[in-house]
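Visitor: Mind looking over this structure? Questions follow.
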Amino acid sequence: FTGKPVDGYLVNRIVGTRALCAALGRAQERAESDGFGQLLWDGYRPQRAVIASSAGRTN
Numbered sequence: 007f008t009g010k011p012v013d014g015y016l017v018n019r020i021v022g023t024r025a026l027c028a029a030l031g032r033a034q035e036r037a038e039s040d041g042f043g044q045l046l047w048d049g050y051r052p053q054r055a056v057i058a059s060s061a062g063r064t065n
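Take any residue in the sequence shown, count from 1 to its spot, add 6: that is its number in our numbering.
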């Protein structure tokens with residue numbers, strides 16, 4: 007949405023709690039049994055990324 011890499015994302019990895027990982031694992035199993043999968047786009051947003059992505063916004 008910015009047209010360039012956003013400051014603050016150092017690795018291509020989602021950060022979450024163990025409970026979140028367990029819940030996503032269960033959801034993945036259910037999705038696979040129905041022929042679907044999961045695609046996660048944004049699980050953790052570092053503060054630097056929030057600042058960089060909102061720079062210049064007026065609302």
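The C-beta atom is built at its ideal place from N, Cα and C for all residues, glycine as well.
Here the structure is a predicted model, which is why all the values come from computation and not from measurement.
(1) By DSSP, does Q44 sit in helix, in strand, or in coil?
(2) Beta-carbon within less than 8 Å of Q44's beta-carbon, same chain only, minus the 5 sequence neighbours each way: which residues are those?
(3) Output yes or no for whether 7 Å exceeds the beta carbon distance between P52 and G9.
(4) From A28 to G49, what does the alpha carbon distance come to, in whole angstroms?
(5) Give me, in chain order, the residues of the same chain whose beta-carbon lies closer than 7 Å to that of L26; leave out the 5 immediate sequence neighbours on both sides.
Guide: Taking the structure as given:
(1) coil
(2) L30, A33, Q34 and A37
(3) no
(4) 14 Å
(5) none
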